[in-house]
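Undergrad:
Numbering (my numbering), first residue to last: 80 to 653.
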């Protein structure tokens with residue numbers, strides 16, 4: 080053992096002292112920015128941000144969202160006063176437009192760009208570069224084999240290497256022949272660049288999906304509207320029952336198209352015992368106009384078959400009955416006339432009905448009850464709907480008078496009536512009893528408050544209207560992402576090297592080796608295919624060859640393998 084080693088073993092203090100005295104270089108502001116950029120643009124960070132974005136979206140399904148239903152959010156905060164305000168401060172009722180969700184979204188966007196751009200540049204340079212130099216020892220490669228062309232074939236080494244190059248080019252390899260006029264010519268070939276291209280397409284498409292979703296969130300909008308048979312919807316802000324705009328929505332985006340519900344038909348099952356009376360088909364006949372001056376067009380709106388107008392898609396989402404009523408006040412004047420949307424509540428289109436008549440004089444009137452398409456009454460006097468079709472329609476109501484609370488400007492649900500401050504006129508607990516109406520009948524309210532007539536029944540539909548300018552692009556990028564992922568998974572990056580030389584006895588000796596970048600379980604099959612092509616091209620009898628090892632194949636029936644002279648130690652693949 081040398082004296083220096085002995086000294087170091089006996090006296091480690093100088094090493095410790097040197098470490099203690101070593102000063103780390105100061106990064107400085109620019110160095111810190113470079114370090115932060117390197118961390119942000121790593122693939123690990125991109126995957127982490129993608130997972131974090133999915134986790135951040137979870138509160139959007141746990142808590143009501145203000146853009147979808149502000150009334151529910153307000154009520155939620157009132158019902159949970161101890162923590163509702165805190166949740167609102169944390170923007171948990173506006174998850175998808177919150178500062179923290181947007182920050183994750185933007186960071187993911189930047190991270191993906193920072194990952195893709197350098198990789199694309201590096202891949203472009205790799206595609207323009209030549210295959211790596213031929214290793215000195217091909218026998219060290221995972222797949223290796225030799226072939227011998229007999230001297231009688233008079234097939235020099237240069238012709239063999241050029242012939243092999245032609246075969247590999249036909250097989251899709253990018254080939255470079257080296258020293259084709261020398262004693263030991265060789266070639267390098269590689270293919271599978273589409274694997275990295277697919278990977279880049281996949282990640283670039285993810286960026287495209289993010290951009291498309293952002294465009295839809297910024298410039299899109301959605302809304303709902305209930306249409307009774309005969310009603311017309313015009314695409315203006317006041318025409319919506321509920322409207323949710325994008326962050327950068329402008330009213331000028333609304334194209335003034337119109338859609339009128341002419342007729343709505345429902346087909347009920349009348350054959351299956353277990354599903355008798357269940358709806359099996361919905362068909363809405365509508366008249367549409369792209370612009371006010373455009374000609375009318377007859378179309379059919381069905382479930383999962385939307386009508387497209389003005390860049391928006393109109394979907395059929397619900398339906399029900401709308402009893403047509405006429406209500407006169409105490410002075411005999413018509414205070415309300417028209418259809419009233421009945422909200423579905425149970426089987427066989429059992430529906431609740433709420434009617435508010437703020438224009439009635441001298442007192443405002445309110446009605447609460449239910450509508451039965453086919454009314455039946457039990458022995459206990461309870462009414463129920465026995466069939467969803469209009470075989471015996473019946474309107475059963477309780478009436479009230481007083482201040483409906485509509486004059487103070489507070490928003491109210493049209494399907495609910497707060498009767499706490501109202502005086503009842505009709506219900507089963509009063510002497511007047513409840514109101515039961517069939518089509519064409521009229522009931523006179525007690526105390527000279529007016530009357531109500533049940534004129535007829537119409538059908539209504541609920542439609543969802545969506546405008547998403549990024550939807551088509553999101554679909555295109557999603558398909559590209561899937562295609563890129565498939566290519567990156569099933570295409571393999573491979574390299575092939577072949578070296579030839581002439582033996583002293585005139586035989587042409589050929590050795591080849593294959594290497595895959597990453598795992599490639601089909602590399603052995605590729606080696607067999609290349610060997611077969613070479614043997615067929617050179618008319619060699621390869622039937623007698625044997626597999627010496629799982630990845631080593633000997634020459635075609637020769638007693639021994641003698642490679643041309645000049646072989647040296649192996650070199651590392653570049």
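All residues carry an ideal CB built from backbone N, CA and C; glycine is no exception.
Note that the coordinates shown come from a computational prediction; the quantities given were computed from them, not determined experimentally.
#1: Determine the closest residue to residue 393 out of 332, 542, 294, 613, with distance taken between C-alpha atoms.
#2: Roughly how many angstroms lie between the CA atoms of residue 296 and residue 328, to the nearest whole one?
#3: Look at the Cβ atom of residue 428, then the Cβ atom of residue 467, and state whether they are nearer than 7 Å.
#4: Put residue 321 into one of helix, strand or coil per three-state DSSP.
#5: Check this for me: beta carbons of residue 346 and residue 359, under 7 Å apart or not?
#6: Under three-state DSSP, which class holds residue 342?
#7: Beta-carbon separation of residue 146 and residue 366 under 7 Å?
#8: Could you check whether the segment 161-168 touches the segment 265-274, counting it as contact only if at least three pairs of C-beta atoms, one from each stretch, sit closer than 8 Å?
#9: State the CB to CB distance for the pair residue 340 and residue 310, rounded to an integer number of angstroms; the pair is presumed to be in contact (CB under 8 Å).
#10: In this structure, how does DSSP classify residue 285 when only helix, strand and coil are distinguished?
#11: Do you know whose CA, among 253, 232, 349, lies nearest residue 208's CA?
#12: Determine the DSSP secondary structure at residue 96, reduced to helix, strand or coil.
#13: Could you check which residue in 538, 259, 520, 144 has the C-alpha nearest to that of residue 532?
#14: May I have the straight-line CA-CA distance separating residue 111 from residue 105, to the nearest angstrom?
#15: Mind checking residue 415: buried by the 16 CB within 10 Å criterion, or exposed?
#16: Can you list, in chain order, the residues of its chain with a C-beta nearer than 6 Å to that of residue 337? Leave out the 5 residues immediately preceding and following it.
#17: Given residue 433, which residues of its chain have a CB within under 6 Å of its CB, disregarding the five upstream and five downstream residues?
#18: Rounding to the nearest angstrom, what Cα-Cα distance links residue 556 and residue 154 in this structure?
#19: Between which residues of its own chain and residue 470 is the CB-CB distance below 8 Å, once the five residues before and five after are set aside?
#20: Sort out for me which residues DSSP pairs residue 455 with in a bridge.
#21: Could you spell out the range, first to last residue, of the alpha helix (DSSP H) harbouring residue 179?
#22: Kindly indicate which three-state DSSP category residue 368 falls into: helix, strand or coil?
#23: Please find out if some non-hydrogen atom of the ligand ATP comes closer than 6 Å to the beta-carbon of residue 424.
#24: Does chain D have any CB closer than 7 Å to the CB of residue 158?
#25: Contact check, residue 572 vs residue 595 under 8 Å by CB: the rounded distance?
#26: Fully enclosed by the segment 522-579, which beta strand (DSSP E) runs are 3 residues long or longer?
#27: Between residue 343 and residue 498, is the Cβ-Cβ spacing less than 7 Å?
#28: Count the other CB atoms within 10 Å of the CB of residue 107; is the residue buried (16 or more) or exposed (fewer)?
#29: Go through its chain and collect everything with a Cβ distance to residue 406's Cβ below 6 Å, but skip five positions before and after it.
#30: Taking buried to mean at least 16 other C-beta atoms within 10 Å of its own C-beta, is residue 353 buried or exposed?
#31: Look up residue 376 in the DSSP assignment and give the residues it is bridged to.
#32: In three-state terms, what does DSSP make of residue 155?
#33: Of all the alpha helix (DSSP H) runs that stay within the bounds of the segment 118-175, which reach a length of 4 or more residues?
#34: Using the rule of at least 16 other Cβ atoms within 10 Å of the residue's Cβ for burial, across every protein chain shown, is residue 150 buried or exposed?
#35: Assign residue 315 to one of two classes, buried (16 or more other C-beta atoms within 10 Å of its C-beta) or exposed (fewer than that).
#36: Can you tell me whether DSSP reads residue 113 as helix, strand or coil?
TA: Quick look at the numbers:
#1: 542
#2: 9 Å
#3: yes
#4: strand
#5: yes
#6: The answer is strand: DSSP assigns residue 342 an E or B state.
#7: no
#8: Flag = no, the segment 161-168 and the segment 265-274 do not touch.
#9: 6 Å
#10: helix
#11: 253
#12: helix
#13: 520
#14: 10 Å
#15: With 16 or more other Cβ atoms inside 10 Å of its own Cβ, residue 415 counts as buried.
#16: 311, 313, 368
#17: Only 447, 494, 496 meet the Cβ criterion.
#18: Roughly 40 Å separates the two Cα atoms.
#19: 452, 453
#20: When beta bridges are read from the DSSP output, residue 455 appears opposite 463.
#21: Residues 178-207.
#22: If DSSP states are grouped into helix, strand and coil, residue 368 belongs with the strands.
#23: Absence of the ligand ATP is noted for the structure shown, with no ligands found whatsoever.
#24: Protein chains in the displayed structure number just one, and chain D is not present.
#25: 7 Å
#26: 530-546
#27: no
#28: exposed
#29: For residue 406, where only same-chain residues beyond five positions count, the Cβ hits under 6 Å are 414, 415, 436, 531.
#30: exposed
#31: 367
#32: helix
#33: 122-135, 138-141, 149-158, 163-168
#34: exposed
#35: exposed
#36: helix
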